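Numbering (our numbering), first residue to last: 17 to 793.
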């Protein structure tokens, strides 16, 4: 049973309750109609002349027949029993009786199948192209319009010619409507506005989701929904009301037909793929792929064939489309049952589109007249709910991406911490034993060897620290801690560190600090020292003879803030102008020969520049090959007037240290235990060793200790857990972490666990002694 007849029967039943007036035997009596209140479709029985194109005034020799208007010719029969065909020509005539007085009237129409001419009271008016008795003379032109009737008459005599040789359907589908001109004009403008607004909304939505696809997570659901919106936007203006043809009336009929049918076949294919990727359930044979493939086959037929071909297959596609909508609704229902994101909106949208689809089929088959606001609200509701679904999709994707990024960052942090531990543990042994042996009265022949060993180990440690610092800066994990700092003391410490290194190269190291600078400023001492250390180290490294000068000048001073200019000046090899930007790039030096001659990772200046940039400070360079370089930066500091940090010089030899305390050393590495015990016992400490966190807890319960030195990464129980359990027992013994990680996250975890301080391995004996002495007094 044809779906068209089924729907027509339904509409006939509905029509039993309607009161609209229809024509009978070629006459439509509208004398009792108030045109100021309503418009009337000129439907009903028109006089009908099959196979003839009558002109106004032509005499008719054949018996008058009647046929319903609007009605398709396809397999239809006239009142006299004449069976009609899809292709051919015919003339219609109707007499309309008008009321004695009425407002200015107008006719409105959309289109016919396929070419038509209209005469009103013997005068031809613009209509649907040029009729003809052959395919070559019949020229369709579908441009909806309004025909103004300015003549005051009481009768309208309409003569309509229709010829069809280009479309599978023949005859008329849309009504010709008569009404007040003002009312008709307003309705046409309203229809045009609805169509353009909906099409514009779809285009904007399509471009928006296309942008999300390009610059987002490349979600396939987004790109298919974008394509659906963009292709369906054409249907809003290029079909049904043909608003696009009103704007571009000279568009070729064949092209407009192909675009109209493509806009019927392609959007459902894209929507099917969108639904599949939105809720990708598994199927043995994916029905969405099948539906989309069949839709694309219909589209391909449209592109390569004549309208007679692709207009023939549209009814079959409507059944396929109904199956596709049912499949989408079923998918949304399954998603709703599984409580997938946005599935409730998907289910609502599927119901909305099903209603709109059925409504559009009824209109397409000519069984009802479209009410624009219903279609507009339906489509708007559908796209609104679909946008909500994509909103949930993208928020879920962003959430997953955030979780993945956080997981990746955690893995990176854990990896760096582990690598730091694994590398620093043997370095602790090398540097620790070197320090111990140097203080153990070595023979003169051994001192040079031990110093070389210690120097090489410390250089390796610098490279390790550079890589770890670079990773922290790249991840923006650097945090600045601003505390009162005695600038003169900081300069003195740096001088003490670098003076021996400069003397080894027969270089003169000069520190020039402006005496107008306040004694105490607030800064991050660690990072300021790191910046100056990198600059001074580079200056000494790349200077073979001459002077390295560190200069601090007061640029601007105030009661609460000062601006200081730090300059590191050398007489070294200099840097060519064309390489001065590249040396600040990661793992880059001025030339490859520089790397071979002087060594280094090429990270020092990168780290220095980024540390300053993070504080809003710019690092400047002035250099000339063969004459040296000047690295400088200007930074603002808060003046501190009520605090005086103490700088005390550590003893020159650790042999003089004495610390007769009881120490619990918690460490699992035998070499680290040996190194630590040697120093602790030399200082007079009594040492008890625990090789994991559980042993440390047991030891604390059995003995009283003055201080605990706690390694963090150990088998059975790590240092963090052990400290938490010790603190839970109310034990307040000072605990100093021995950590191989210098990462800020690790330092925060140390204090959060309840430890009092930390010493980074490989530890300097002086630092360990001072930390222990601080807590054991």
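We put the beta carbon where it would ideally sit given N, CA and C, even for glycine.
Note that the coordinates shown come from a computational prediction; the quantities given were computed from them, not determined experimentally.
What does the alpha-carbon distance come out to for the pair residue 729 and residue 693?
19 Å
Return helix, strand or coil for residue 724, following the three-state DSSP convention.
strand
Just to confirm, is the Cβ distance from residue 326 to residue 258 under 8 Å?
no
Under DSSP, the beta strand (DSSP E) around residue 81 begins and ends at which residues?
81-85
Please report how far the alpha carbon of residue 546 lies from the alpha carbon of residue 407, in whole angstroms.
Computed Cα separation, rounded: 47 Å.
Could you check what DSSP says for residue 699 in three-state terms: helix, strand or coil?
coil
Mapping DSSP to helix, strand and coil, what is residue 225?
If DSSP states are grouped into helix, strand and coil, residue 225 belongs with the helices.
The beta strand (DSSP E) enclosing residue 177, as first and last residue numbers:
For residue 177, the enclosing beta strand (DSSP E) stretches over residues 171-180.
Close beta carbons around residue 162, own chain, < 8 Å, minus the five adjacent residues each side
Hits under 8 Å: 122, 123, 124, 197, 200, 201 and 204.
Whose CA, out of 770, 156 and 534, lies closest to the CA of residue 576?
Distance check between residue 576 and each of 770, 156 and 534 places 534 closest, using alpha-carbon atoms only.
Pull the bridge partners of residue 196 from the DSSP assignment, please.
Per DSSP, the beta-bridge partners of residue 196 are 121.
Classify residue 603 as buried or exposed, calling it buried when 16 or more other Cβ atoms lie within 10 Å of its own Cβ.
Because the pLDDT at residue 603 is just 43, under 50, the model does not fix this residue reliably, and the value given afterwards should be weighed accordingly. Exposed, because fewer than 16 other Cβ atoms sit within 10 Å of the Cβ of residue 603.
Residue 251 burial status per 10 Å Cβ neighbour count (16 or more: buried)
buried
Going by Cα to Cα distance, which pick from 594, 644 and 261 is closest to residue 584?
644
Could you tell me whether the Cβ atoms of residue 131 and residue 155 are closer together than 8 Å?
yes
Simplified DSSP state of residue 283, which is helix, strand or coil:
helix
For residue 150, does the three-state DSSP call read helix, strand or coil?
coil
With distances taken Cα to Cα, identify the nearest neighbour of residue 174 among 133, 168, 213 and 214.
133
Sufficient close CB pairs (3 or more, under 8 Å) joining the stretch 674-681 to the stretch 701-708
yes
What does the alpha-carbon distance come out to for the pair residue 271 and residue 256?
16 Å
Which term fits residue 309, buried or exposed, when burial requires 16 or more other beta carbons within 10 angstroms of its beta carbon?
exposed
Return helix, strand or coil for residue 417, following the three-state DSSP convention.
In the structure shown, residue 417 sits in a helix (DSSP, three-state: H, G or I).
Whose C-alpha, out of 378, 777 and 722, is nearest the C-alpha of residue 676?
722
Nearest-angstrom beta carbon gap, residue 525 and residue 511 [assumed within contact, 8 Å]:
7 Å
Beta bridge counterpart(s) of residue 524 as assigned by DSSP:
Bridge partners of residue 524 according to DSSP: 563.
Between residue 158 and residue 269, is the Cβ-Cβ spacing less than 8 Å?
yes
What are the residues that DSSP puts in a beta bridge with residue 499?
Its beta-bridge partners are 539.
Would you call the CB atoms of residue 633 and residue 647 closer than 8 Å?
no
Cα-Cα separation, residue 357 to residue 291
13 Å
Closest to residue 213 by CA distance: which of 320, 249 and 193 is it?
It is 249 whose Cα lies nearest to the Cα of residue 213.
Would you mind reading off the limits of the alpha helix (DSSP H) that contains residue 714?
Counted as a single uninterrupted DSSP element, the alpha helix (DSSP H) harbouring residue 714 occupies residues 709-718.
Among 191, 141 and 148, nearest to residue 84 - alpha-carbon criterion:
Answer by Cα proximity: 191.
Any idea if residue 423 is buried or exposed, counting beta-carbon neighbours within 10 angstroms, 16 or more meaning buried?
Exposed.
Identify which residue in 62, 626, 54 and 776 has its Cα closest to the Cα of residue 118.
54
Just how far apart, CA to CA, sit residue 443 and residue 687?
10 Å
What span of residues does the alpha helix (DSSP H) with residue 108 cover, start to end?
Here residue 108 belongs to no alpha helix (DSSP H); instead the beta strand (DSSP E) covers 104-113.
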